[in-house]
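Asker: Please find one structure pasted underneath; my questions will follow.
There are 2 protein chains.
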Amino acid sequence: MVLDFYFDFASGYSYFASRRIDRLAADHGCVVRWHPLMLTALTTSTGVLPSPMVPIKWQYVLRDMHRTALAEGIPLRLCKAFPQPLLAPGRAMLWLRAHHGEEIALAFARTCFQAYYGDAVDIADVAVLQGIAAGLGVDRVAFAAGLAEPAIKAQFKQGNELALARGVFGVPFVMVEDEPFWGYDRLGQLEQWLISARRAA
Amino acid sequence: MVLDFYFDFASGYSYFASRRIDRLAADHGCVVRWHPLMLTALTTSTGVLPSPMVPIKWQYVLRDMHRTALAEGIPLRLCKAFPQPLLAPGRAMLWLRAHHGEEIALAFARTCFQAYYGDAVDIADVAVLQGIAAGLGVDRVAFAAGLAEPAIKAQFKQGNELALARGVFGVPFVMVEDEPFWGYDRLGQLEQWLISARRAA
Chain A
1 MVLDFYFDFA
11 SGYSYFASRR
21 IDRLAADHGC
31 VVRWHPLMLT
41 ALTTSTGVLP
51 SPMVPIKWQY
61 VLRDMHRTAL
71 AEGIPLRLCK
81 AFPQPLLAPG
91 RAMLWLRAHH
101 GEEIALAFAR
111 TCFQAYYGDA
121 VDIADVAVLQ
131 GIAAGLGVDR
141 VAFAAGLAEP
151 AIKAQFKQGN
161 ELALARGVFG
171 VPFVMVEDEP
181 FWGYDRLGQL
191 EQWLISARRA
201 A
Chain B
202 MVLDFYFDFA
212 SGYSYFASRR
222 IDRLAADHGC
232 VVRWHPLMLT
242 ALTTSTGVLP
252 SPMVPIKWQY
262 VLRDMHRTAL
272 AEGIPLRLCK
282 AFPQPLLAPG
292 RAMLWLRAHH
302 GEEIALAFAR
312 TCFQAYYGDA
322 VDIADVAVLQ
332 GIAAGLGVDR
342 VAFAAGLAEP
352 AIKAQFKQGN
362 ELALARGVFG
372 VPFVMVEDEP
382 FWGYDRLGQL
392 EQWLISARRA
402 A
């Protein structure tokens, strides 16, 4: 089975999920397709206010993120720029997938998550992204040009629209066939669902 | 320690939490104070849209409620009136607490939750609430008059304001000292927190 994993580099709970999703899938004979989204475009479509815009809620979310990271042994060190919308890392991932293959694209995504949430590095900075790409053997100049390609921007935007059409209204979100799982705290139910699906097969 | 348990009879996840909170507290030598709130008043204050007003999200929430109920062995049978704002059960609980004591008030709250979520009975109907109260030995006429008392309405409203001032922006919500836990899916972290607090004491 295929797990469609929808995430935004701007979302801390997406970071948490990104660290578990591949192993969880492999444990149950599944593969993961990583889909970078822009949460603020989803929330604009649905009318939901992003959490950082609701101070009483955001104060709680920050506390919950740190408490959850501690409980689960996840490194968490945020940079001053957090929270902020992030477009470049998602576009970069799509460009890398098209030009350097899935493995490089995934390594890039994981390194971005680790840099932004584990090492307090601001991945809104294109120079930082170029450094990550260069570490994977990708040419810096071609990479920077790739991010700005209209076709890549359009593909990133279309990814959001396709996700919405499938019922994805937040991140992280995992869709397995038609079964939807929203939030890092639903990975346990996702795992139970995969176990039941294998038994039934 | 005291667990302040904030809930709304209109919230399915509050129902789930209501079934676990007392046992969880007792297991760790704590007591629970039950605070009925009106979620729609909280969301009006914070600007957050209630989930039923966001169709793509509400569709998911309904599915998640049923999946979670199944996974946790919680009876769930919804009436046609669900979802709807509910004022009368919360006001009734406050009136019962003032006039018949904590034990009757809690028995009433639990019976309301069971009726609305387990047995598909519409607890917006005052006659239904009168029946529940009568089953606990409370006079039906005095009960119906009690719900309509301006002082009870004011107390219910004030409960919402006090909760907001403490950082409560959704339900179910548990506050232990200054540590906040939002959502049925945070009861596990609440339990871990209580275990750590006892060890530290």
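Heads up: the sequence lines are chains A and B, in that order.
Using the working numbering, the first residue of the first sequence is number 1, and each one after it goes up by one.
Using the working numbering, the first residue of the second sequence is number 202, and each one after it goes up by one.
Using N, Cα and C, we set each Cβ at its ideal position, and we do this for glycine too.
In this text the structure is predicted, and so the values were computed from the model without any measurement.
Given this structure, state the Cα-to-Cα distance separating Ala154 of chain A from Glu273 of chain B, to the nearest angstrom.
Answerer: By one-based count along the first sequence, residue 154 of chain A stands at place 154. By one-based count along the second sequence, residue 273 of chain B stands at place 72. Near 43 angstroms, if we compare the C-alpha coordinates of Glu273 of chain B and Ala154 of chain A.
Asker: Tell me the residue span of the beta strand (DSSP E) that contains Arg430 of chain B.
Answerer: Since the first residue shown for chain B is 202 and the last is 402, residue 430 of chain B is missing from the structure and cannot be characterised.
Asker: Assuming Leu187 of chain A and Arg67 of chain A form a contact by the criterion Cβ under 8 angstroms, report the distance between their Cβ atoms to the nearest whole angstrom.
Answerer: Translated into positions along the first sequence, residue 187 of chain A becomes position 187. Translated into positions along the first sequence, residue 67 of chain A becomes position 67. In fact, because the Cβ distance is near 17 angstroms, the residues do not count as touching under 8 angstroms.
Asker: Against chain B, does Asp185 of chain A count as a neighbour if the rule is that its beta carbon must be under 8 angstroms from one of theirs?
Answerer: As a working mapping, residue 185 of chain A is identified with position 185 in the first sequence. Chain B contact via Cβ: present.
Asker: Determine the burial state of Asp406 of chain B: buried for a count of at least 16 other Cβ atoms within 10 Å of its Cβ, exposed for fewer.
Answerer: Nothing can be reported for residue 406 of chain B, as the shown portion of chain B is limited to 202 through 402.
Asker: In the structure shown, what three-state DSSP assignment does Val327 of chain B receive?
Answerer: In the second sequence, the residue the question calls residue 327 of chain B occupies position 126. Helix, per DSSP.
Asker: When DSSP builds the beta bridges, which residues end up paired with Pro208 of chain B?
Answerer: Residue 208 of chain B sits at position 7 when you count from the first residue of the second sequence. Residue 208 of chain B is actually Phe in this sequence, not Pro. DSSP lists B:Pro237 as partners of Phe208 of chain B.
Asker: Compare the Cα-Cα distances from Ala345 of chain B to each of B:Val369, B:Leu297, B:Ala366 and B:Lys358 and report the closest residue.
Answerer: Working through the second sequence from its first residue, we reach residue 345 of chain B at position 144. Here the closest residue by C-alpha is B:Leu297.
Asker: Would a C-beta distance cut-off of 8 angstroms place Ala335 of chain B and Arg341 of chain B closer than the cut-off?
Answerer: The count along the second sequence starts at 1 and reaches residue 335 of chain B at position 134. The count along the second sequence starts at 1 and reaches residue 341 of chain B at position 140. Taking 8 angstroms as the Cβ cut-off, Ala335 of chain B and Arg341 of chain B qualify as a contacting pair.
Asker: How is Met202 of chain B classed by DSSP in three states: helix, strand or coil?
Answerer: Here residue 202 of chain B refers to the residue found at position 1 when the second sequence is read from its first residue. Coil at Met202 of chain B, not helix or strand.
Asker: Closer than 6 angstroms by C-beta to Leu204 of chain B: which residues in its own chain qualify, once you throw out the five before and the five after it? Chain order, please.
Answerer: As a position in the second sequence, residue 204 of chain B is number 3, starting the count at 1. Closer than 6 angstroms at Cβ, skipping near neighbours: Ala226, Cys231, Val233, Val375 and Val377.
Asker: Is Val372 of chain B helix, strand or coil by DSSP?
Answerer: In the second sequence, the residue the question calls residue 372 of chain B occupies position 171. Three-state result, Val372 of chain B: coil.
Asker: Along chain B, in chain order, which residues have C-beta atoms closer than 8 angstroms to that of Gly167 of chain A?
Answerer: Position 167 of the first sequence, counting from 1, holds the residue named residue 167 of chain A. Ordered by position in chain B, the residues that pass the 8 angstroms Cβ test against Gly167 of chain A are Ile257, Gln260 and Tyr261.
Asker: Taking Cβ to Cβ, would you say Phe309 of chain B is nearer than 8 angstroms to Leu288 of chain B?
Answerer: Counting from one through the second sequence, the residue named residue 309 of chain B turns up at place 108. Counting from one through the second sequence, the residue named residue 288 of chain B turns up at place 87. No. Outside cutoff.
Asker: Within the same chain, show all residues whose beta-carbon is closer than 8 angstroms to that of Ala124 of chain A, passing over the 5 residues directly before and after it, in chain order.
Answerer: The residue you call residue 124 of chain A lines up with position 124 of the first sequence. Hits under 8 angstroms: Ala81, Gln84, Leu86 and Ala88.
Asker: With a threshold of 7 angstroms, establish whether the CB of Ala10 of chain A neighbours any heavy atom of the ligand GTP.
Answerer: This structure lacks the ligand GTP, and indeed carries no ligand of any kind.
Asker: I'd like to confirm the pairing. Which residues does DSSP put opposite Glu179 of chain A in its beta bridges?
Answerer: Taking the first sequence and counting its residues from 1, the one referred to as residue 179 of chain A is at position 179. Its beta-bridge partners are A:Val176.
Asker: How about Thr40 of chain A: is its C-beta nearer than 8 angstroms to some C-beta of chain B?
Answerer: Locating residue 40 of chain A in the first sequence gives position 40, counting from the first residue. By this cut-off, Thr40 of chain A is not an interface position.
Asker: Since Thr247 of chain B meets chain A, which of its residues come closer than 7 angstroms, beta carbon to beta carbon?
Answerer: For the purposes of this step, residue 247 of chain B is identified with residue 46 of the second sequence, where counting begins at 1. In chain order: Val54, Ile56 and Lys57.
Asker: Is there a Cβ from chain A that is less than 8 angstroms from the Cβ of Leu403 of chain B?
Answerer: Residue 403 of chain B falls outside the range modelled here, since chain B spans only 202 to 402, and no answer is possible.
Asker: Hey, is Trp182 of chain A's beta-carbon within less than 8 angstroms of any beta-carbon in chain B?
Answerer: For the purposes of this step, residue 182 of chain A is taken as the residue at position 182 of the first sequence. So yes, Trp182 of chain A belongs to the interface.
Asker: Decide if Ala364 of chain B is buried, meaning its Cβ has at least 16 other Cβ atoms within 10 Å, or exposed.
Answerer: What you label residue 364 of chain B is simply residue 163 of the second sequence in a count that begins at 1. So Ala364 of chain B counts as buried.
Asker: How far does the alpha helix (DSSP H) with Leu307 of chain B in it extend, from its first residue to its last?
Answerer: Indexing the second sequence from 1 puts residue 307 of chain B at position 106. Glu303 to Phe314 is the span of the alpha helix (DSSP H), which, as asked, contains Leu307 of chain B.
Asker: Taking 8 angstroms as the CB-CB limit, is Arg63 of chain A close to chain B?
Answerer: Taking the first sequence and counting its residues from 1, the one referred to as residue 63 of chain A is at position 63. Arg63 of chain A counts as touching chain B.
Asker: Chain A partners of Ala272 of chain B, CB-CB under 8 angstroms?
Answerer: The sequence position of residue 272 of chain B within the second sequence is 71, counting from 1. Ordered by position in chain A, the residues that pass the 8 angstroms Cβ test against Ala272 of chain B are Gln189 and Gln192.
Asker: In three-state terms, what does DSSP make of Gln356 of chain B?
Answerer: In the second sequence, residue 356 of chain B corresponds to position 155, counting from 1. Gln356 of chain B falls in the helix class under three-state DSSP.
Asker: Compute the Euclidean distance between the alpha carbons of Val255 of chain B and Ala402 of chain B, then round it to the nearest angstrom.
Answerer: Looking up residue 255 of chain B in the second sequence gives position 54. Looking up residue 402 of chain B in the second sequence gives position 201. Roughly 44 angstroms between the two C-alpha positions.
Asker: Please report the residue range of the alpha helix (DSSP H) in which His233 of chain A lies.
Answerer: Given that chain A is displayed from residue 1 to residue 201, the structure contains no residue 233 of chain A and the question cannot be resolved.
Asker: So which residues of chain A does Arg268 of chain B contact, with C-beta pairs closer than 7 angstroms?
Answerer: Here residue 268 of chain B corresponds to residue number 67 of the second sequence, with the count starting at 1. Ordered by position in chain A, the residues that pass the 7 angstroms Cβ test against Arg268 of chain B are Gln189.
Asker: Which term fits Ser196 of chain A, buried or exposed, when burial requires 16 or more other beta carbons within 10 angstroms of its beta carbon?
Answerer: As a first step, residue 196 of chain A must be located in the first sequence, where it is residue number 196. Burial call: exposed.
Asker: Give the straight-line distance between the Cα atoms of Gln158 of chain A and Leu49 of chain A, rounded to the nearest whole angstrom.
Answerer: Stepping through the first sequence from its first residue, residue 158 of chain A is reached at position 158. Stepping through the first sequence from its first residue, residue 49 of chain A is reached at position 49. Those two C-alpha atoms are separated by around 21 angstroms.
Asker: Mind checking which residues open and close the alpha helix (DSSP H) that includes Asp228 of chain B?
Answerer: As a working note, residue 228 of chain B is residue 27 in the second sequence. Looking at the DSSP string, the run of the alpha helix (DSSP H) that includes Asp228 of chain B is Ile222 to Asp228.
Asker: Thinking just about the alpha-carbon of each residue, which of B:Val327, B:Trp235 and B:Ile257 is nearest to the one in Arg311 of chain B?
Answerer: Residue mapping note: residue 311 of chain B aligns to position 110 of the second sequence, counting from 1. The option with the nearest alpha carbon to Arg311 of chain B is B:Trp235.
Asker: Assign Arg198 of chain A to one of two classes, buried (16 or more other C-beta atoms within 10 Å of its C-beta) or exposed (fewer than that).
Answerer: The residue you call residue 198 of chain A lines up with position 198 of the first sequence. Looking at its Cβ environment, which holds fewer than 16 other Cβ atoms inside 10 Å, Arg198 of chain A is exposed.
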